[in-house]
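Trainee:
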Amino acid sequence: MDRLIEILEDIQPDADYETCTTLIDDHILGSLQIISLVAEIEDEFDITIPTVEIKPENFNSAQSLMAMIERLEDEG
Amino acid sequence: MGSYISISYLLLFLPIVAIVFSVVPKKIKPFVLLAASLVFIWTCSRFWIIYWIFTTLSVYLAALFVEKSKQKCKEALPSAEDREQKKAIKKQFARKQLCVVSLIIIANIGLLAVLRYSQFFVANFNIIVQKLGADFQVALPKFAACIGISFYTLQAVSYLHDVYKGKIAADHNLGRLALYMSFFPIIMEGPICRYSDTAERLWNCERIQFKDFTFGMQRIAFGILKKVVVADRLNVMVTSIFREYQYCDYDGGIIFLGAVLYTIELYMEFSGTIDVVIGSGEIFGVTIPENFRQPFFSKSITEFWQRWHITLGTWFKDYVFYPVTMSKPMKKLTKNARKKLGRNYGPMPASIFAFGCVWLCNGLWHGAGWEFIFFGFYHFVLISLGSLILPLSTALFKKWNFDRHKLPYRIFTIVRTAILVCIGEMFFNSRGLSEGFKMFKVLVTKFTFKSFFNGAIFTMGMDRFDYIVILAVIALVFAVGLMKEKGISPREWLAERHICVRWAVLFTMIMAIVIFGAYGTGYIPIDPIYANF
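Respectively, the protein sequence lines represent chains A and B.
Mapping to the working numbering: the first sequence position 45 is 30, numbers consecutive.
Just so we're on the same page, the working numbering is the position in the second sequence counted from 1, plus 832.
1) Are there 16 or more other CB atoms within 10 angstroms of the CB of V1247/B, so buried, or fewer, so exposed?
2) Do you know offhand how far M1258/B's Cα is from A1091/B's?
3) Mind checking whether M1162/B and F1185/B have CB atoms under 8 angstroms apart?
4) Starting from the C-beta of T1376/B, find all residues in its chain whose C-beta is less than 7 angstroms away, skip the five residues before and the five after it, and write them out in chain order.
5) Closer than 8 angstroms, CB to CB, is P1179/B near chain A or not?
6) Between the stretch 27 to 40 of chain A and chain B, which residues of the former have CB atoms less than 8 angstroms from a CB of the latter, in chain order?
7) Taking the alpha-carbon positions, what's the K1149/B to V961/B distance?
8) Can you look up F1124/B in the DSSP assignment and give me helix, strand or coil?
9) May I ask which residues mark the beginning and end of the alpha helix (DSSP H) holding R1170/B?
10) On the three-state DSSP scale, how would you describe W1232/B?
11) At least one CB of chain A closer than 8 angstroms to the CB of A1182/B: is that the case?
12) In terms of residue numbering, what span does the alpha helix (DSSP H) encompassing N958/B cover?
13) In whole angstroms, what is the alpha-carbon distance linking Y836/B and G1048/B?
14) Alpha carbon to alpha carbon, how far is K1316/B from E1324/B? Give it in angstroms, no decimals.
15) Quick one: residues in its chain with C-beta nearer than 8 angstroms to the C-beta of G1145/B, no 5 flanking neighbours on either side, listed in chain order?
16) When the Cα of S1183/B is compared with those of A52/A, A24/A, L50/A, which residue comes out closest?
17) Tell me the rounded alpha-carbon separation between F1235/B and D(-5)/A.
18) Along chain B, in chain order, which residues have C-beta atoms closer than 7 angstroms to that of I20/A?
19) Could you pull out every unbroken alpha helix (DSSP H) segment of at least 4 residues lying fully inside the stretch 1023 to 1064 of chain B, listed in chain order?
20) Any beta-carbon of chain A closer than 8 angstroms to the one on K1318/B?
21) Just to confirm, are I936/B and V995/B a CB contact at a threshold of 8 angstroms?
22) Beta-carbon separation of N1019/B and F975/B under 8 angstroms?
23) Where do the N-terminal and C-terminal ends of the alpha helix (DSSP H) with V1109/B fall, by residue?
24) Taking 8 angstroms as the threshold (beta carbon to beta carbon), is K904/B in contact with chain A?
25) Look at I981/B and L944/B and say whether their C-beta atoms are less than 8 angstroms apart.
26) When burial is assigned at 16 or more other CB atoms within 10 Å of the CB, is K1172/B buried or exposed?
27) Cβ atoms of A1336/B and D1064/B: under 8 angstroms apart, would you say?
28) Hey, quick one: how far does the alpha helix (DSSP H) through R(-12)/A stretch, first residue to last?
29) Step through the CB atoms of chain A and report whether any lies within less than 8 angstroms of the CB of R927/B.
30) Do you know offhand how far I1347/B's Cα is from L1308/B's?
31) Strictly below 8 angstroms CB to CB, what residues from chain A border K997/B?
32) Starting from R1175/B, find everything on chain A with Cβ-Cβ shorter than 7 angstroms and list it in chain order.
33) Is it right to say G1117/B is buried, meaning 16 or more other beta carbons lie within 10 angstroms of its own, or is it exposed?
34) Per DSSP, which residues does W1140/B bridge with? Please list them.
35) Just mark V1333/B as buried or exposed, buried being the case when its beta carbon has 16 or more other beta carbons within 10 Å.
36) Run through DSSP, which three-state label would E1328/B get?
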C-alpha cells in the first residue's frame, strides 16, 4: 500500500490518498494521470491491467486500487 | 416517421404503444416494446432492416461463441501440468476468441463504412485519379442504410467487446439483445446505451407508473418547446446566413451571429430530441442515459465534450482512447517519456496519439466530408493544446497567487469555450471545407458590429418578435440548467409545488408550443440533424 501511495503522490501530489475516495469523481485523477498510473502500477506489481478495469469504482481511492491490484495478482 | 418530434410519433405511435403496453400482462410487455421497435425500424427503413438483423444476429452468435470458448478453456485448464501449459491453453482459446470478435467487429464497422463513407472515398479517389491525369472515373456508389446504423453499430460493438473482455455475460435471450439493439426511442438519435445499464431494465419493464408518466410527459413537452419554438424558428435565419452569405456580402459580425445561432439551433434541436427520447423511455419506466449536462457551462473544450453528446464521448473514451493508450507500445512510450519529460508531460505523447485516433473517428462519425474531419481535427488541436498548456498555466497561476475559481475568471473561461465551440460548429455546418474557411476569413477580416445596429439582423428571416420569443425560451433553458448545476432537480422541485402551479407550468409549456412554435408558411422545420446517422 505504501508503494502505491508513493506512486500516486509522484503522479499527482495534491491529494490525501489515505482518506480520499473520490479521486475520479472529483477529477483529481484525469485520463493523463490514469495513463501514467497504469504504466507505473503494471511495472511495480508485475500485472497487466485490462482496459475494462479502468472504471471509477477501481480508481476512486487508493484502497480500491489496491484491491484491484491484489485481485489481478491472484488471477495471475 | 422521420422525427420523434412529429405528429405521427407523438400523437399516434407513442400513445398506441403506451396503451398496448399498459393493458398486456407483465410477461408480454417486453415483447410489445420489441415489436413496436421493429415496426418503427421497418417504417423508417423498410427492406434495409436487414442490416440491423445482420448486426444483431452476428454479435449475438459471436458472444455465445466467446462464452462457450471461455467455458471450454476452463474445462481444459485442470489437465495442464504446469503454469506454462496453463498459459498456453489460455492463449490458444484467447486467440480463437479474438479472431471471431475481430472478424465480427470488422464486418459491422466495415458495413457501416461502406454504407456511409463509400461515396466520400470514391469521390476523393476520383479527384486523385484526375489530378494524376488518368482518364477514368469510378461511378459514385449509392447505398441505402438502415435507420440509426451508426448508433446501433456502436452499441453492438460495445456489447461484443464487453463480453469478450469478461465484463458482462453473453445474452442467451435473443429477444432481450434485440430489444437493447432496437428500442424505438433511442434507435434514431441515441443516446448510445450500454448493454450492462439498459438491457435488463428494458426486458424487465414494469407497468406504467403515474410519476414516470407525468415526468415523461413534462420532459417531452420541454423537448418539443426547445425544438419547435427555438430551433425551427432559428433555422430560417441560420439557413439564410450559411447558404447565402457569398451573395449577400455579409460582414464578419453576421457570420459570427450565424455561427452562434447555428450552435444554439443544434443544441436546442439535438438536446430537445434527446428530451423527447428520455421522456419516452420514462413513460415505460426505463431510465435512458443523459446525453447533455449543461454544455455551455463548460470552462474548457475538454469539459465541453464531457457535457455534450456524453454517451458518444464515453464510448470513444472506453473503446478507442483507453485501448490505444493501454496498448503495449503506448505503455512503453509513456514509461520512457515519463523518465525524460517528467510526470506532467510524460503521458502526453501516448495520449495525444490516442486523442488523434478519437477525433478522427469522431469527425468521421459526424459525417462523410472533409468539413467533418476538420471539425474533429479542430477539437483535437484545441484539446491537445489545452493539455499541453495546463501544467504551465497551473504553475504560473500558483506563482502569481491567482485564484482561478473567482467568478470573473470562470465567466471568462465559459465565454472563451463557447466562442471556440461556435467557430467549430461554423465549419461543421458549412457547405464543404473551403466554404468553411471562406466564412472564417470573412469572420476574421471583416468583423464589425455595424449590422447589429442598422437593423440588418432583422431582415434575414427573423424579426424582433422572433428574437424575443427565442430569448425567453433560452432564458428558461438557462434557468433550468442553472438549477441542475446547483444540484437541484427542476422536476422534483416542481413536483413539490402546489398542483395549480404544476398544471400551470405544463399548460404554459403546451400553449407556448402551440402559439409560438414555428409552423406554417415561411418555416421549414429542421430535419433531425442526427437522425440519418
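Beta carbons: idealized from backbone N, C-alpha and C, even for Gly.
Every value quoted in this text rests on a predicted model; they were computed, and no experiment measured them.
Mentor: The answer reads as follows:
1) exposed
2) 5 angstroms
3) Yes, they are a contact pair.
4) Lying outside 833 to 1365, the shown extent of chain B, residue 1376/B is not represented and no answer is given.
5) yes
6) E27, D28, I34, P35, T36, V37, I39
7) 37 angstroms
8) Reduced to three states, the DSSP call for F1124/B is strand.
9) 1160 to 1177
10) coil
11) yes
12) N958/B: member of the alpha helix (DSSP H) spanning 915 to 963, first to last residue.
13) 14 angstroms
14) 11 angstroms
15) W1137, Q1138
16) The shortest C-alpha separation from S1183/B is found at A24/A.
17) The sequence as given places Asp at residue 1235/B; Phe does not occur at that position. In a straight line, the C-alpha of D1235/B is about 24 angstroms away from that of D(-5)/A.
18) T1157, T1166, P1179, A1182, S1183
19) 1027 to 1035, 1042 to 1056
20) no
21) Not a contact, by the Cβ cut-off of 8 angstroms.
22) Looking at the sequence itself, residue 1019/B is Ile, so the reference to Asn does not match. It is not a contact, given that the beta carbons lie outside the stated cut-off.
23) 1084 to 1115
24) no
25) L944/B is positioned such that its CB atom lies closer than 8 angstroms to that of I981/B.
26) K1172/B comes out exposed.
27) no
28) Unbroken alpha helix (DSSP H) run through R(-12)/A: -13 to -4.
29) no
30) 17 angstroms
31) P35, T36, V37
32) Chain A residues near R1175/B: D(-5), I(-4), S21.
33) buried
34) F1124/B
35) exposed
36) coil
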